[in-house]
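Written below as structure tokens is the structure these notes are about.
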Amino acid sequence: METIGADIVIQVLREEGVDVIFGYPGANTLPIHDRLMNSEVRHYLMRHEQAAAHAADGYARATGKVGVCIATSGPGATNLVTGIATAFMDSTPMVALTAQVSTSLLGQDAFQETDIIGITLPITKHSYQVHDVNNLAATLRQAFELAKTGRPGPVLVDLPRDILSSKCPPAEENAAPALKTNYKTEEDREQLEMIAKTLNQSERPILIIGGGVKLSNAFRLVRELIEKAKIPFVTTMMGIGSVDSVNGYNLGLIGTHGNELANRMVHQCDFILAIGTRFSDRSTALIEEFAPLAKIAQLDIDPTSIGKSIKINLPYVGDIRDALTALLPLIDAKEKSDWLLRIQSERDAINGKVTDTGCGQAGDFIRMVQEAMPVETTVTADVGLNQIWTVRTWQARSPRSLITSGGMGTMGFSLPAAIGAKIGSPERAVVAITGDGGFYMNIQELATISYYNLPIKIVVINNGHLGMIRQIQDLFYNARFNTIELGSKVDFVAVARGFGIPGSRIAVDKYPKAGIEAMVKADGPYLLEAVVDPENYVYPIIPPGCSNIEMMYDRLD
Amino acid sequence: MLKKAREQEQTISILVNNQPGVLSRVGGVFGRHGYNIKSLCVAETTNPDVSRITLTSESDPDFTEKIKKQLDKLVDIINVSDVSGQSYIQRELMLIGVTVKEGAYAEILRAIELFGCRIVTMTPDYFILELTGQPDETAAFLKFFQSFGVEEINRTGSIAIERTKPQRRI
Ligand SMILES: Cc1ncc(C[n+]2csc(CCOP(=O)(O)OP(=O)(O)O)c2C)c(N)n1
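Which chain is which? The protein sequence lines are V and R, in order.
Under the working numbering, think of the first position of the first sequence as 15, with each following residue one higher.
Under the working numbering, think of the first position of the second sequence as 34, with each following residue one higher.
Written as structure tokens, this is what we have:
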């Protein structure tokens, strides 16, 4: 067979170490889908392009590699949009390939033509439309390079059909044009010394761990820093698991749905070292009152993340791993401090005050699920109460073991992301936790799971409502409930069975063990529907417009 | 996030790859941050692969600093610099159409001479005038002729160039 553009695509995928892609074909992708037959790249046929993007995202988050998805022009491409935006907000390295109408038809409103470059402009790190098959290899290489370097993110490559089918010589090696290198900053030794000095002199330091720690693979260094400086840490939602959650220095999740201890101690600390976090509004709550006593040092590779919302006293732009490697020797080894004692007494006081995790029986149930699963389990959490219950009760024991849509909060993420995570790390067990609302949003992926017989454990926490919205209406709209009831007519177990997946239903407050055991024992996929009271909310929470220490414990607060 | 504090006129010069779509990427950054562009000028540089975008806006300098960092992240942007300062020469070209009433002839002709502007074309009651100047000159010019009745204006917005030989080649 003569080489065509589609072969170049596959050749570059192989060069980049891609062995799996998630996608959906259409007439315009066919040159690629056709040539995939003779390649070592496995293509997973999802049941919706949004799910293909989420699966590529889940794959990337589980493995640290670039996730790849492919869709056809027009509706295929637009269906990717939510998935691309989700990856963008959480800085997932991803390459999205979209087919396009032939170059001769561009701009003519041809069948299934859409300006996907224009549509995705604000939600991609960069995008390309290829107009010459001789630039194809270089463009694709550049796309991969961009997706994974600096602050990672999704890069879209739009591939007109005639480019994919035109004959060409095989791609030359090393034909990648030099990339703009605005991320490579020089080490600013003086600033690192200032940061170290301020940390060494501080009495009440705290580390904030953001998603950047995962993205830069800086886990070991962060752990060393914690142990050397005896510095307690909090995490953002994206930072969970970067350091083992059961680590004694862990104070929990900060922010509007965070742990009381984490929020309180950040409020009292005198120094914050923030690593790979942009201080999003979810983490800081009312920004004016965030950490009022603290000097803040921030390490981030993206200069625009520094001081975006909050004044930073000691900014440092650079790769987190390089920065920490240089910083560690400058940090004094500390002994136990008064600060740690104070934290311990706060911890005891909070534990004495509230009897549960603030997640009620749903939280207890999720804990039981984790206990029944192997230690090496990856969990994906959807969005809503189920997300908060999961991130607050699941003990993430390793960095990539908890996957959720943080920045975008995309309902329907957990099921397709679990598919990507399972395919990326087949040796690990995978549990997808979702609410009933989010489950409906990508329910068709049960077919993908069943078709490929992926042993994913699906836990649908069914409260018959859009639970998180219900809580907001209950607390802040005088319990005027509207447009949030999903009802109880749908039999999820029967639905799963229809897709070829066994399952069972339990109530979280009545012997959930039997159902959990059946799920764990099942060889293949399994759906466990866990019925929970719609008033099982999350507490404490920070009401809108309040600071991180103005916590609300129940509706009477 | 529309910033109102400490607003002043800023001129930014952006070197970009001379490619389709680049202007919409640049414009997108401004639009998403609620930053209003007052004037915009785009042209090729000594290197035909590189274009220069010069734009002005009224904004808080801290905010402009944030926008510059955002622009710097765009792959097709080569360099962003603030060219508002003394080390740059700024010029703008302005065309205005002025109504000329009877009896105002002498005064208008005198003003044309004083401002050093050119009559591009004229009919007995309507002049098209052209002026090139620094932003404060074009502003004074416009203000003056407004008292006669300016029917139409078109202006390029500022462009700027370094006073001294540039350090690096594009
Ligand atoms: C795609 C999408 N649409 C709407 C929302 C707004 N939203 C956030 S949480 C939530 C309710 C989620 O309900 P469910 O999936 O049943 O989970 P629960 O909160 O009950 O655990 C909604 C509608 C969203 N985050 N994502």
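All residues carry an ideal CB built from backbone N, CA and C; glycine is no exception.
These figures come from a predicted structure and were not determined experimentally.
Considering only residues of the same chain and omitting the five flanking positions on each side of V:ILE345, which have a CB-CB separation below 8 Å?
Numbered from 1 along the first sequence, position 331 holds the residue referred to as residue 345 of chain V. So the list reads ALA210, LEU213, ASN214, LEU239, LYS242 and ALA243, once near-sequence residues are dropped.
Please identify the residue among V:ARG411, V:ALA99, V:MET279 and V:GLY40 whose C-alpha is closest to the C-alpha of V:ASN261.
The count along the first sequence starts at 1 and reaches residue 261 of chain V at position 247. That would be V:ARG411, whose Cα lies nearest to the Cα of V:ASN261.
Is the closest heavy atom of ligand 1 to the C-beta of V:MET251 under 7 Å?
As a working note, residue 251 of chain V is residue 237 in the first sequence. For ligand 1, no non-hydrogen atom lies closer than 7 Å to the CB of V:MET251.
Chain-ordered chain R contacts of V:HIS68 [CB-CB under 9 Å]:
As a first step, residue 68 of chain V is located in the first sequence; it is residue number 54 there, counting from the start. Simply none; closest approach about 24 Å.
Give the C-beta separation of V:ILE84 and V:VAL55 to the nearest angstrom, bearing in mind that I take them to be a contact with Cβ-Cβ under 8 Å.
As a position in the first sequence, residue 84 of chain V is number 70, starting the count at 1. As a position in the first sequence, residue 55 of chain V is number 41, starting the count at 1. Contact flag wrong, Cβ pair sits at about 10 Å.
Can you tell me whether R:LEU35 is helix, strand or coil according to DSSP?
Residue 35 of chain R sits at position 2 when you count from the first residue of the second sequence. Bear in mind that the predicted position of R:LEU35 carries a pLDDT of just 45, short of 50, making it unreliable; the figure below should be weighed with that in mind. Reduced to three states, the DSSP call for R:LEU35 is coil.
Quick check on the burial criterion: 16 or more other C-beta atoms within 10 angstroms. Buried or exposed for V:ASN400?
By 1-based counting over the first sequence, the position of residue 400 of chain V is 386. Buried.
With respect to the beta strand (DSSP E) encompassing V:ALA85, which residues constitute its N-terminal and C-terminal limits?
Position 71 of the first sequence holds residue 85 of chain V. Run containing V:ALA85: 81 to 85, per the beta strand (DSSP E) assignment.
Do the region 524 to 535 of chain V and the region 350 to 369 of chain V make contact, defined as three or more Cβ pairs closer than 8 Å?
No: fewer than three Cβ pairs fall under 8 Å.
Which residues, taken in chain order from the region 135 to 157 of chain V, show a beta carbon closer than 7 Å to some beta carbon of chain R?
Hits within the stretch, in order: LEU135, PRO136 and HIS140.
Say whether the region 558 to 567 of chain V touches the region 493 to 508 of chain V, bearing in mind that this needs 3 or more beta-carbon pairs closer than 8 Å, one atom from each stretch.
Per the Cβ contact rule, the region 558 to 567 of chain V is not in contact with the region 493 to 508 of chain V (fewer than 3 Cβ pairs under 8 Å).
Along the chain, where does the alpha helix (DSSP H) containing V:TYR454 start, and where does it finish?
Translated into the one-based positions of the first sequence, residue 454 of chain V becomes position 440. Looking at the DSSP string, the run of the alpha helix (DSSP H) that includes V:TYR454 is 450 to 455.
Between the C-alpha atoms of R:ILE201 and R:ASN80, what's the straight-line distance to the nearest angstrom?
Taking the first residue of the second sequence as position 1, residue 201 of chain R is located at position 168. Taking the first residue of the second sequence as position 1, residue 80 of chain R is located at position 47. The sequence given here has Arg at residue 201 of chain R, not Ile. For R:ARG201 and R:ASN80, the distance between alpha carbons rounds to 12 Å.
Taking only the alpha-carbon atoms, compute the straight-line gap between V:PRO174 and V:PRO183 and give it to the nearest angstrom.
Reading the first sequence from its first residue, position 160 is the one you call residue 174 of chain V. Reading the first sequence from its first residue, position 169 is the one you call residue 183 of chain V. If I take the Cα positions, the gap works out to 18 Å.
Among the residues of its own chain, which have a CB less than 8 Å from the CB of R:SER191, if the five just before and after it don't count?
For the purposes of this step, residue 191 of chain R is identified with residue 158 of the second sequence, where counting begins at 1. THR44, SER72, CYS74, THR87, THR89, GLN123, ARG124, GLU125 and PRO168, listed in sequence order.
For R:ASP109, which residues of its own chain have a beta-carbon under 7 Å away from its beta-carbon, when the five flanking residues on both sides are left out?
Along the second sequence, read from residue 1 onward, the residue named residue 109 of chain R stands at position 76. The residues are VAL49, ASN50, GLN52, VAL55 and ARG58.
Threshold first: 3 residues or longer. Then list the beta strand (DSSP E) segments lying entirely within the region 425 to 486 of chain V, N to C.
Every beta strand (DSSP E) stretch that sits fully inside the region 425 to 486 of chain V and reaches 3 residues is listed by chain position as 443 to 449 and 470 to 476.
Any heavy atom of ligand 1 within a distance shorter than 7 Å of the CB on R:GLY61?
Within the second sequence, residue 61 of chain R is the residue found at index 28, counting from 1. The answer is no for R:GLY61.
What is the residue span of the beta strand (DSSP E) that V:GLN143 lies within?
Translated into the one-based positions of the first sequence, residue 143 of chain V becomes position 129. Where V:GLN143 is concerned, the enclosing beta strand (DSSP E) stretches over 140 to 143.
For V:ILE3, would you say it is in contact with chain R, using Cβ-to-Cβ distances shorter than 8 Å as the test?
Residue 3 of chain V cannot be examined here, being either before or after the span of chain V that is shown, 15 to 571.
Determine, using beta carbons only, whether V:LYS114 and V:ASP172 come nearer to each other than 8 Å.
By one-based count along the first sequence, residue 114 of chain V stands at place 100. By one-based count along the first sequence, residue 172 of chain V stands at place 158. Inspection of the sequence shows that residue 114 of chain V is occupied by Gln rather than by Lys. Contact flag set, yes.
Could one say the Cβ of R:ARG85 lies closer than 8 Å to chain V's Cβ atoms, at least one of them?
Along the second sequence, read from residue 1 onward, the residue named residue 85 of chain R stands at position 52. Not closer than 8 Å to any Cβ of chain V, the Cβ of R:ARG85 fails to qualify, so no.
So with Cβ pairs under 8 Å, would you call R:GLY54 a contact of chain V?
Residue numbering aside, residue 54 of chain R sits at position 21 when the second sequence is read from its first letter. Closer than 8 Å: yes.
Under the criterion of a Cβ to heavy atom distance below 7 Å, does V:HIS271 qualify as lining ligand 1?
Counted from its first residue, the first sequence places residue 271 of chain V at position 257. V:HIS271 Cβ: outside cutoff for every heavy atom of ligand 1.
Going along chain V in order, which residues have a C-beta closer than 8 Å to the C-beta of R:ARG58?
Position 25 of the second sequence, counting from 1, holds the residue named residue 58 of chain R. Neighbours of R:ARG58 across chain V, judged by C-beta separation under 8 Å: LEU135.
If I measure Cβ to Cβ from V:HIS271 and keep anything under 7 Å in the same chain, skipping five residues before and after, which residues do I get?
Walking along the first sequence from the start, residue 271 of chain V turns up at place 257. Excluding residues within five positions, the ones whose Cβ falls inside 7 Å are ILE402, VAL552 and ILE555.
Pull up the DSSP beta-bridge partners for R:VAL113, would you.
Numbered from 1 along the second sequence, position 80 holds the residue referred to as residue 113 of chain R. R:VAL113 pairs with R:ILE47.
Own chain partners of V:THR560 with C-beta closer than 7 Å, once the 5 adjacent residues on each side are dropped:
Against the first sequence, residue 560 of chain V aligns to sequence position 546. According to the sequence provided, residue 560 of chain V is Cys. The question's Thr does not apply to it. So the qualifying residues of the chain are ALA299 and LEU300.
Using 8 Å as the threshold, is the region 450 to 467 of chain V in touch with the region 417 to 434 of chain V, meaning 3 or more CB pairs across them?
With the cut-off at 8 Å, the region 450 to 467 of chain V and the region 417 to 434 of chain V touch.
Name, please, each residue of chain R whose Cβ falls closer than 9 Å to the Cβ of V:THR318.
Here residue 318 of chain V is taken as the residue at index 304 of the first sequence, counted from 1. LYS99, LYS102, GLN103, ASP105 and LYS106, listed in chain order.
Close Cβ partners of R:THR132 (< 7 Å) along its chain, the five nearest in sequence each way excluded
Your numbering for residue 132 of chain R matches position 99 in the second sequence. The answer, listed in chain order, is ASP158, TYR159, PHE181, GLY182 and GLU184.
Taking the C-alpha atoms as reference points, what is the distance between V:VAL507 and V:LEU542?
As a first step, residue 507 of chain V is located in the first sequence; it is residue number 493 there, counting from the start. As a first step, residue 542 of chain V is located in the first sequence; it is residue number 528 there, counting from the start. Just so you know, the alpha carbons of V:VAL507 and V:LEU542 end up roughly 8 Å apart.
Using a cut-off of 8 Å between C-beta atoms, extract the partners of R:GLY61 located in chain V.
Here residue 61 of chain R refers to the residue found at position 28 when the second sequence is read from its first residue. Within 8 Å Cβ-Cβ: LEU135 and PRO136.
Would the beta-carbon of V:ALA432 fall within 8 Å of that of V:ASN476?
Numbered from its first residue, the first sequence carries residue 432 of chain V at position 418. Numbered from its first residue, the first sequence carries residue 476 of chain V at position 462. For V:ALA432 and V:ASN476, no; Cβs fall outside 8 Å.
Determine the burial state of R:SER46: buried for a count of at least 16 other Cβ atoms within 10 Å of its Cβ, exposed for fewer.
Counting from one through the second sequence, the residue named residue 46 of chain R turns up at place 13. The residue in question, R:SER46, is buried, as its Cβ has 16 or more Cβ neighbours within 10 Å.
I'd like to know whether the C-beta of R:ARG201 is nearer than 8 Å to at least one C-beta of chain V.
Numbered from its first residue, the second sequence carries residue 201 of chain R at position 168. It does not: the Cβ of R:ARG201 has no partner Cβ on chain V nearer than 8 Å.
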